[in-house]
Structures are given as C-alpha cells and as structure tokens.
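In the numbering used here, the protein residues as written are 778 to 1308.
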C-alpha cells in the first residue's frame, strides 16, 4: 500500500494546497495595498507634479512588491533549510533542497518570487498611479474606496480566500474521518497482541511443532499458529472450481495455508461447519472458506448450504495438478488486506509444506518477559538467525501510514491557510472600521447600540464568508467523494461535512472581525466627530 516512491496523488494534493496558500497571501497583499493606497496618495501627487509619468510610478510600485517577494523568498529558503531535517524525519525519506548548489533550482525559485511579486503588485500599482495630483494635493480625493471601483475586487478576493479556506476545512474533516475509520473499523479478527515472525533456519522449519508446543508452555502465551498468509502479509491465489457447478467456471480466490490453530489465534468467527482438527487426517484435503467465497462460488444463499460442497484447486507449486476436497467450514469475512481493497474470496487449507511464519497470541500483563522468553526459545531452535518479530496491529497501522501523514499535513496546511486568510480579513476589518469612524460616531449619537454597530461592521464580511462557503462546498464535496472512491470501505459523505465547516467559518470570521468591530463600537463618538 505504501511504496518508498510516495503517492503522486498526495504529492499533487499538497502542491495544490501550497498554491492555495500562496494565492491567499497574494490576495491579502492586493486587498491591503489597495485599501491603504490613500496613505500614499500625496506621495503620488508630488511625484506626478515634478514630472513622474504613470508608467514610471507603476514600475516603481511593482519593483517595491518584487523586492518584498524576494525578501520573503530568502526567509522561506532559510526556513526550508532549518525545517528540512524535521521534514525528512516525518516523511521517512531523504529530501534534498539544492537551492545553493543547483543553479536551475535557484533560478526557478527566484523566478517564481519575481512573478508572484509582479502579479501581486500590478493592480495596486495601477490604482496608486491613477490618482490625479490636483485632487490629491487639494484634499478633494475620494478617500472611501468602499464607494469606488475597488470594492468589487476586494470583496471578490475575500470570497476566493474563504472559498479556498472552506475547501481545505471540508477536505481536512473528510480526511480525518476516513483515516479514523481505517484505524477503527472492525476487521473481522482480533489483531491486538498477536506477535508474528518468519521461520528461519532448517532446524526450526523442520521442528516447528516442537517450537510451537514449547511456546504453549509459557503462561502468557495463549495460542500459537503457523502458516502462510496471515492478515497484512503476502498471499497466494489461484483458480477454484466447484464440482457441483462446473458451469460457473474457475473463480480466482486467495489461498491461505494454515494450521489447526489459525482461526482460534486470529479470533475468526465460524459461521457454519467446523474448524480444522488434528484428529481428522482427512482435513488435509478439506477447505474452510469465507462468506465472499460462498457467494462468488454460488454455493448457496447461507453459509450452511456450502458445507459438503466439493472444490478443486491447483496444488501449491504444482499448477498442473488439482487438489480436490470438501468444504467443512465457513468463516465470517475478515480483512486480510487493506481497506483499499474489497474482501476477496478466501480459501483456508492445511498445507505444512508452505508454512513460513509463526503467529503467537500473547497476554499483555508481562509482555516484555514473554518476548524475552520467545527470543530465548528462538535461539535454541534457530541460533544462526536473529528473530525478526512484529505485531499484527502495528502491521495494519503501517498500511495507512500515507493516510496518517496526509492527515497531519492537511491539518497543518489548513491551519496555516485559515491563519493567513484571517490576517487579511483582520486588516480589512480594521481598515473598514477606521474609514467609517465618523459614520459610527453619528450612529452612536443617534442612539445606535454597541451590538448594532458590531453587526453593521461585521455583516458585510460575514456575507462574503457565506458566499465563499456556498462556492466551496460543492467543489469540496465532488473532489472528496472522488478521493474516497480509492477505498473499498469508506465513510459516507453526509451534510455534516458542510454544516461543521459552516459553523467553523462563521466563528472564525466573527472572532477575526469582532476585535476591530467592538473596538470601533466602543470608541468615543465625540472624538470621532471632531477628527
């Protein structure tokens, strides 16, 4: 499920999120630069009066933005070098960042910084350079940009910012829900406290029964099983036919070579028939199958109807000969592979020649002592090979390592995205409150309450956040539904994935805007009217 090369889908997703964050930062700059452009109006007026043309002013302001972008790039490169060891530890990979040693990489990164600076600074530069010097110097310039041509852009950028933020919030909630589902879903067997390890050495391979019997004398060892095909491990497969239904043709099924204690050790549920027994020599040619095999082999509508049916299977390592035997039991479906895949037809059979691993069900009361005892016994039977053991629950946890890392990263990126978006919203809210100080003063003199003023200042921004939610919700719903299709077993997409982000977004918006709105509402109206 997880290769050393990584998952290109996750790489693309995280790259897209990084682009989202960069866009939000650019939108913040455009919004704040245009909102505060009035503060540089006199500078523009003076420069135009002494002969500066619009093109010269545009180039100057874009140059300032590019300079800021390059300074930010230097800080980002330094932060990358500082955080790279932690990133390598987290991803369990060796990632290099050859900015200082590879001119091509350096050129690309510097070019990105320059392009971002130009794009982010272009519109604010046009706004600043468009001011008429006569109006500016006479003080006749319209300073409230909320009534000019800027609002549609500013509001549009706020909507896009929160659309991206809501998109990430919904994605994060879905990813967290699915990852938790993967770890907590009932697999159909008990994976806790099952230690397993490969058999190594001729002495152990030939005397595994003695090794098994000695293990069972340990007080904290519950059961021991040997076999080939434990959950999460490698499996064989083959084409199985039903003697009573030759018209069905061969059906591909997973082959599990087990002993008489396999079902007991894993805690599988026997739905019909019986388990393998050492007392019955005929069990070496018998089968126990799962519920999916019953359905796909057409053995009946209930597990009981499959008992007694005759199945044929190519013998292990000899595909040209068939092993024929009778179904003696049916176990409840269990997930022997990851939840990316559906439960396949599975056939359990006694086949000592294929045994390659040992599974030990232990008690947790004195686990370290039990493991030490098992190691000591291993040395007795296989002194030339070190024991390489693991636990079944850990093996299944590793199956979803990529999803766990994705959950952590998307949470981190979502928090960063919300933080950056809120910084922009906070700046705009503070600017809006500042520009409307006299209006607020008049309203308070006429009897407006603090709550009324707060609502007045907040409603426009909250409305923009709601528009962002409406835009982002169907997009997030579609893409996360597509992502969930990668799993045969997944959580359902429900309205809760929209309602929760709705609540989170509104709360974040209110908290962000609230500080500036409350501060403006509590200000002395007399002072505001005098200024």
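We put the beta carbon where it would ideally sit given N, CA and C, even for glycine.
Item to check | Every unbroken alpha helix (DSSP H) within the stretch 941-984, with a cutoff of 4 residues, ordered by chain | outcome: 979-983
Item to check | Same chain only: Cβ atoms within 6 Å of residue 1235, ignoring 5 sequence neighbours per side | outcome: As a working note, residue 1235 is residue 458 in the chain shown. If we look at residue 1235 and ignore the five residues flanking it on each side, its Cβ neighbours are 1290 and 1294.
Item to check | Unbroken stretches of the beta strand (DSSP E), 3 residues or longer, contained in the stretch 826-877 | outcome: none
Checklist entry - Is the beta carbon of residue 1164 less than 8 Å from the beta carbon of residue 974? => result As a working note, residue 1164 is residue 387 in the chain shown. As a working note, residue 974 is residue 197 in the chain shown. In contact: residue 1164 and residue 974 (Cβ atoms closer than 8 Å).
Item to check | Simplified DSSP state of residue 1288, which is helix, strand or coil | outcome: For the purposes of this step, residue 1288 is identified with residue 511 of the chain shown, where counting begins at 1. Helix at residue 1288.
Checklist entry - With DSSP run on the structure shown, which of helix, strand or coil describes residue 926? => result Here residue 926 corresponds to residue number 149 of the chain shown, with the count starting at 1. Caution is warranted here: a pLDDT of 46 is assigned to residue 926, below 50, making its placement in the model unreliable, and no coordinate value can be reported.
Item to check | Close beta carbons around residue 1069, own chain, < 6 Å, minus the five adjacent residues each side | outcome: For this step, residue 1069 is matched to residue 292 along the chain shown. Only residues of its own chain outside the window of five on either side were considered, and among them 1110, 1120 and 1122 have a CB closer than 6 Å to the CB of residue 1069, listed in chain order.
Checklist entry - By DSSP, does residue 1213 sit in helix, in strand, or in coil? => result Start at 1 with the first residue of the chain shown, and residue 1213 comes out as number 436. Coil at residue 1213, not helix or strand.
Next on the checklist: Extract the residue ranges of the beta strand (DSSP E) inside the stretch 1104-1168, only unbroken runs of 3 or more that lie entirely within it.
Outcome noted: Whole beta strand (DSSP E) segments, 3+ residues: 1123-1127 and 1134-1139.
Checklist entry - Do you know how far the Cα of residue 1299 is from the Cα of residue 1228? => result By 1-based counting over the chain shown, the position of residue 1228 is 451. By 1-based counting over the chain shown, the position of residue 1299 is 522. Approximately 10 Å, taken between the alpha carbons.
Next on the checklist: For the beta strand (DSSP E) containing residue 1032, name the first residue and the last one.
Outcome noted: Taking the first residue of the chain shown as position 1, residue 1032 is located at position 255. Here the beta strand (DSSP E) through residue 1032 covers 1028-1035.
Next on the checklist: In whole angstroms, give me the CA-to-CA distance for residue 1054 and residue 977.
Outcome noted: For the purposes of this step, residue 1054 is taken as residue 277 along the chain shown, with counting starting at 1. For the purposes of this step, residue 977 is taken as residue 200 along the chain shown, with counting starting at 1. So the two alpha carbons sit approximately 26 Å from each other.
Item to check | Backbone secondary structure at residue 1005 - three-state DSSP | outcome: Taking the first residue of the chain shown as position 1, residue 1005 is located at position 228. Residue 1005: strand per DSSP, three-state reduction.
Checklist entry - Does the pairing of the stretch 860-870 with the stretch 815-830 give three or more beta-carbon distances under 8 Å? => result no
Item to check | Beta-bridge partners of residue 1067, as assigned by DSSP | outcome: Position 290 of the chain shown, counted from the first residue, corresponds to residue 1067. DSSP links residue 1067 through a beta bridge to 1108.
Item to check | C-alpha gap between residue 995 and residue 1138, whole angstroms | outcome: Along the chain shown, one-based indexing puts residue 995 at 218. Along the chain shown, one-based indexing puts residue 1138 at 361. Approximately 11 Å between the Cα atoms of the pair.
Next on the checklist: Considering only the alpha carbon of each residue, which of 1052, 875 and 1282 lies closest to residue 1195?
Outcome noted: Position 418 of the chain shown, counted from the first residue, corresponds to residue 1195. Measuring from the Cα of residue 1195, the nearest candidate turns out to be 1282.
Checklist entry - When the distance is taken between beta carbons, is residue 989 closer than 8 Å to residue 999? => result The sequence position of residue 999 within the chain shown is 222, counting from 1. The sequence position of residue 989 within the chain shown is 212, counting from 1. Contact flag unset, no.
Item to check | Length of the line joining the Cα atoms of residue 806 and residue 1207 | outcome: Taking the first residue of the chain shown as position 1, residue 806 is located at position 29. Taking the first residue of the chain shown as position 1, residue 1207 is located at position 430. Distance between the alpha carbons of residue 806 and residue 1207: 15 Å.
Checklist entry - Can you list, in chain order, the residues of its chain whose CB lies under 6 Å from that of residue 970, leaving out five sequence neighbours each side? => result Residue mapping note: residue 970 aligns to position 193 of the chain shown, counting from 1. Excluding sequence neighbours, residue 970 sits near 1139 and 1141.
Checklist entry - Pick from 946, 933, 809 and 819: whose alpha carbon is nearest that of residue 1252? => result Locating residue 1252 in the chain shown gives position 475, counting from the first residue. The residue with the shortest Cα to Cα distance from residue 1252 is 946.
Item to check | Cross-strand partners of residue 1014 (DSSP beta bridge) | outcome: Along the chain shown, one-based indexing puts residue 1014 at 237. 1031.
Checklist entry - For residue 1309, which of 1166, 1117 and 1127 has the nearest alpha-carbon? => result Beyond the ends of the chain as shown, which are 778 and 1308, falls residue 1309; an answer cannot be given.
Item to check | Chain-order list of residues whose beta-carbon lies under 8 Å from that of residue 1261 (same chain, five-residue window excluded) | outcome: Position 484 of the chain shown, counted from the start, is the residue given in the question as residue 1261. Excluding residues within five positions, the ones whose Cβ falls inside 8 Å are 951, 955, 1267, 1268 and 1270.
Item to check | Nearest candidate by alpha-carbon position, reference residue 901, set 1042, 1086, 842 and 1174 | outcome: Here residue 901 corresponds to residue number 124 of the chain shown, with the count starting at 1. Among 1042, 1086, 842 and 1174, the Cα nearest to that of residue 901 is on 842.
Item to check | residue 1104 beta carbon less than 8 Å from that of residue 1088 | outcome: Position 311 of the chain shown holds residue 1088. Position 327 of the chain shown holds residue 1104. Yes, Cβ-Cβ distance for residue 1088 and residue 1104 is below 8 Å.
Checklist entry - What's the C-alpha gap between residue 1243 and residue 1279? => result Locating residue 1243 in the chain shown gives position 466, counting from the first residue. Locating residue 1279 in the chain shown gives position 502, counting from the first residue. Going from the Cα of residue 1243 to the Cα of residue 1279 covers about 8 Å.
Checklist entry - Within 10 angstroms of its Cβ, does residue 1245 collect 16 or more other Cβ (buried), or is it exposed? => result Within the chain shown, the letter at position 468 stands for residue 1245. With 16 or more other Cβ atoms within 10 Å, it is buried.
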